[in-house]
Amino acid sequence: MAFLEPRHHELAGRVRAFADGALAPLEFEEERVDELARRLLAMLGEAKITAYAVAAAYGGALEKLDARSICVIRETLAYRMGLADFMFAMQGLGSFPIYLAGSEAQKREWLPRVARGEAVAAFALTEPEAGSDAGALSCRARRVGQEWVIDGRKRFISNATIFDVMTLFARTGEGSRGVSAFVVPRGTPGVRVEVQQTICPHPLGEVIFEEARLPADALLGEEGMGFRLALATLDVFRATVGAAAPGMAQRAQDEAIRHVKSRQQFGGPLADLQGVQFMLADNEAELQAARLLVHRAAWLKDSGAERITQEAALAKMVATENAQRVIDRALQLHGGLGVIKGTPVERLYREIRALRIYEGATEVQKAVIARGLLAAR
Ligand SMILES: Cc1cc2nc3c(=O)[nH]c(=O)nc-3n(C[C@H](O)[C@H](O)[C@H](O)COP(=O)(O)OP(=O)(O)OC[C@H]3O[C@@H](n4cnc5c(N)ncnc54)[C@H](O)[C@@H]3O)c2cc1C
């Protein structure tokens, strides 16, 4: 069975042409990552790629969000540059709760700008004391007259340093039904950001709310539905994290094949050694298996499945773990060159690491998969 349709292959070709033409000449200056991120987003907007992160009624490309389109875009961009994939994906992750539960005014204000790549989106769930256990969040929103007053701290928030619109999850009551979602625009009084640096730079930071004030209509949907909104959003985007991973892994595999065919040792190319060939074969098996699981999860979603929690967890876990191994083998095949700063495999080795942690660490995916298995029998 083919999980992708001809239109997905056509889309992949279009994004590949964009990536080869527009992204290839860009210099990745790690110390100017915020500037590069904004520039990438503008380019993705102009090429109408960010439009696939939003539904057509609000300026997007397709009538409704298509998980397979998001997957092929992510894989194709990640092959060329992880940061480009990341900027595309965050537009979807940050704006999907607005699409799901926002008022018509909220949708019209933000979604068309997100679709055009003019407004940078962010998604703020994680806190210092609420990571894997996101339901333990303690950032609080109090209703005072016509305003919401927010106090608390969010950690590891992608795009924190450059966001224009942030979906914030904060506590308005007790338990998982006591979490509400809010739309926070850049420049909200009482919001400050502290930069966090990672092994592979991208815009990331802590967002601190000190008596931050939002208007009453900043609430997304109804009070208490925030946690369900966060889970429904992650349900879609978790599978697509799995799509970025084979993009990075395929690039590593291609780099490894190129290298072992040209590098001469023991009187011939490394590619003549069976031990080397076996590493390439292992890479290929892990890559193709991962891609199939990712496409299957996305296809299920596009076929109308309300929740794909199990399939998304499987796809995300296998794809990111496999990609880490593929990239590690590719680096090994480069020998010393693999750890020299600036080579593609060195960058990929740093780039892939966070994918096994964010949107649910591998161990959390295992817990989800096991829970589903035990409940079903
Ligand atoms: C680069 C990056 C970008 C991110 N972007 C965002 C963002 O935009 N928005 C946002 O809200 N969050 C974001 N995050 C946060 C991310 O989702 C969390 O880091 C992740 O959920 C893990 O939480 P934690 O780091 O607090 O780890 P912890 O919860 O402290 O867990 C640490 C480790 O313990 C193990 N563990 C945890 N729970 C279990 C379990 N149930 N069973 C077995 N082992 C377990 C796992 O190995 C896990 O890695 C980002 C993180 C990173 C690294």
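With the working numbering as the guide, the letters of the sequence shown map in order to residues 10 to 386.
A virtual CB, placed ideally from N, CA and C, is assigned to each residue, including glycine.
Contacting residues, own chain, Cβ-Cβ under 7 Å from M52 (five flanking each side not counted): In the sequence shown, the residue the question calls residue 52 occupies position 43. Here the set comprises A31.
Bridge partners - D160, DSSP secondary structure assignment: Taking the first residue of the sequence shown as position 1, residue 160 is located at position 151. R149.
For E118 and Y67, the rounded distance between their alpha carbons: Indexing the sequence shown from 1 puts residue 67 at position 58. Indexing the sequence shown from 1 puts residue 118 at position 109. Distance between the alpha carbons of Y67 and E118: 9 Å.
Cβ-heavy atom distance, E368 to ligand 1, below 7 Å: As a working mapping, residue 368 is identified with position 359 in the sequence shown. True, at least one ligand heavy atom lies under 7 Å from that Cβ.
F37, DSSP secondary structure in three states: Locating residue 37 in the sequence shown gives position 28, counting from the first residue. Residue state, collapsed to three classes: coil.
Near ligand 1: I166 beta-carbon under 7 Å from a heavy atom: Numbered from 1 along the sequence shown, position 157 holds the residue referred to as residue 166. Indeed, a heavy atom of ligand 1 lies less than 7 Å from the Cβ.
Complete alpha helix (DSSP H) runs within the segment 251 to 330 (minimum length 4 residues, chain order): Listed in chain order, the complete alpha helix (DSSP H) runs (minimum 4 residues) inside the segment 251 to 330 are 283 to 311.
Residue nearest to K310 in terms of C-alpha spacing, selected from R222, E39, V42, L243: Within the sequence shown, the letter at position 301 stands for residue 310. Nearest C-alpha to K310: L243.
C-beta contact flag for I166 and A130 at 8 Å: The sequence position of residue 166 within the sequence shown is 157, counting from 1. The sequence position of residue 130 within the sequence shown is 121, counting from 1. It is not a contact, given that the beta carbons lie outside the stated cut-off.
Cβ-Cβ distance between A298 and A248 below 8 Å: Counted from its first residue, the sequence shown places residue 298 at position 289. Counted from its first residue, the sequence shown places residue 248 at position 239. Not in contact: A298 and A248 (Cβ atoms no closer than 8 Å).
A135 Cβ short of 7 Å to ligand 1 heavy atom set: Mapped onto the sequence shown, residue 135 falls at position 126. One point to set straight first is that residue 135 is Thr, not Ala, in the sequence displayed. Yes, ligand 1 has a heavy atom inside 7 Å of this Cβ.
G351 versus F287 - alpha carbon distance: Start at 1 with the first residue of the sequence shown, and residue 351 comes out as number 342. Start at 1 with the first residue of the sequence shown, and residue 287 comes out as number 278. Each residue's alpha carbon lies about 27 Å from the other.
For L71 and Y367, the rounded distance between their alpha carbons: To locate residue 367, count along the sequence shown from 1; it is residue 358. To locate residue 71, count along the sequence shown from 1; it is residue 62. Those two C-alpha atoms are separated by around 27 Å.
Sub-8 Å separation of A87 and L74 beta-carbons: Locating residue 87 in the sequence shown gives position 78, where the first residue counts as 1. Locating residue 74 in the sequence shown gives position 65, where the first residue counts as 1. Taking 8 Å as the Cβ cut-off, A87 and L74 do not qualify as a contacting pair.
Alpha-carbon to alpha-carbon, I317 and G251: Residue numbering aside, residue 251 sits at position 242 when the sequence shown is read from its first letter. Residue numbering aside, residue 317 sits at position 308 when the sequence shown is read from its first letter. One C-alpha to the other measures close to 13 Å.
Through-space distance from A328 to A379, alpha-carbon basis: Position 370 of the sequence shown, counted from the first residue, corresponds to residue 379. Position 319 of the sequence shown, counted from the first residue, corresponds to residue 328. Near 18 Å, if we compare the C-alpha coordinates of A328 and A379.
Beta-bridge partners of I166, as assigned by DSSP: Within the sequence shown, the letter at position 157 stands for residue 166. Secondary-structure assignment with DSSP links I166 through a beta bridge to G214.
Test item: CB-CB of I336 and A253 under 8 Å: Taking the sequence shown and counting its residues from 1, one reaches residue 336 at position 327. Taking the sequence shown and counting its residues from 1, one reaches residue 253 at position 244. No, they are not a contact pair.
Burial state of R83 (16 or more Cβ within 10 Å): The residue you call residue 83 lines up with position 74 of the sequence shown. By the 10 Å Cβ count, R83 comes out buried.
Limits of the beta strand (DSSP E) - the one that V129 falls within: Translated into positions along the sequence shown, residue 129 becomes position 120. Counting along the chain, V129 sits inside no beta strand (DSSP E), nor does DSSP assign it H or E at all.
Contact test: V373 Cβ vs ligand 1 heavy atom, cutoff 7 Å: Residue numbering aside, residue 373 sits at position 364 when the sequence shown is read from its first letter. Yes, Cβ of V373 sits closer than 7 Å to a heavy atom of ligand 1.
For I171 and A46, believed in contact at Cβ under 8 Å, the rounded distance: Indexing the sequence shown from 1 puts residue 46 at position 37. Indexing the sequence shown from 1 puts residue 171 at position 162. So it is a contact: roughly 6 Å between Cβ atoms.
Any 3 or more C-beta pairs closer than 8 Å across the segment 357 to 366 and the segment 198 to 218: yes
Among E330, F95, H343, the one whose alpha carbon lies nearest that of D263: Residue numbering aside, residue 263 sits at position 254 when the sequence shown is read from its first letter. Here the closest residue by C-alpha is H343.
Short Cβ contact (8 Å threshold) for G103 with F236: Position 94 of the sequence shown, counting from 1, holds the residue named residue 103. Position 227 of the sequence shown, counting from 1, holds the residue named residue 236. Result no, Cβ atoms of G103 and F236 do not sit closer than 8 Å.
Unbroken beta strand (DSSP E) run spanning T176, endpoints: In the sequence shown, the residue the question calls residue 176 occupies position 167. For T176, the enclosing beta strand (DSSP E) stretches over residues 174 to 180.
Cβ-heavy atom distance, L213 to ligand 1, below 7 Å: Working through the sequence shown from its first residue, we reach residue 213 at position 204. It does: the Cβ of L213 is within 7 Å (strictly closer) of some heavy atom of ligand 1.
Heavy atom of ligand 2 within 7 Å of S141 beta-carbon: Because ligand 2 does not appear in the structure shown, any question about it cannot be addressed here, the ligands present being ligand 1.
Whole-angstrom distance between V123 and E19, CA atom to CA atom: Position 10 of the sequence shown, counted from the first residue, corresponds to residue 19. Position 114 of the sequence shown, counted from the first residue, corresponds to residue 123. Distance between the alpha carbons of E19 and V123: 23 Å.
Within-8 Å CB hit, E44 to chain B: Judged by its chain identifiers, the structure shown contains no chain B, having just a single protein chain.
Given V400 as reference, the closest of S112, Q319, A265, F191 once Cα atoms are compared: No answer is possible for residue 400: the residues shown for the chain start at 10 and end at 386.
Nearest-angstrom Cα separation, counted from P255 out to A294: If you number the sequence shown from 1, residue 294 lands on position 285. If you number the sequence shown from 1, residue 255 lands on position 246. A294 and P255: Cα-Cα distance of roughly 12 Å.
Where S112 sits in the DSSP three-state scheme: Residue numbering aside, residue 112 sits at position 103 when the sequence shown is read from its first letter. In the three-state DSSP reduction, S112 falls in the coil class, being neither helix nor strand.
8 Å Cβ cutoff met for A265 and L289: Here residue 265 corresponds to residue number 256 of the sequence shown, with the count starting at 1. Here residue 289 corresponds to residue number 280 of the sequence shown, with the count starting at 1. Yes; because the gap between Cβ atoms is below 8 Å, this pair is in contact.
Rounded C-alpha distance that separates R149 from R356: What you label residue 149 is simply residue 140 of the sequence shown in a count that begins at 1. What you label residue 356 is simply residue 347 of the sequence shown in a count that begins at 1. Each residue's Cα considered, the two are about 38 Å apart.
Any non-hydrogen atom of ligand 1 within 7 Å of A131 CB: Locating residue 131 in the sequence shown gives position 122, where the first residue counts as 1. Because some heavy atom of ligand 1 lies under 7 Å away, the Cβ of A131 counts as near it: yes.
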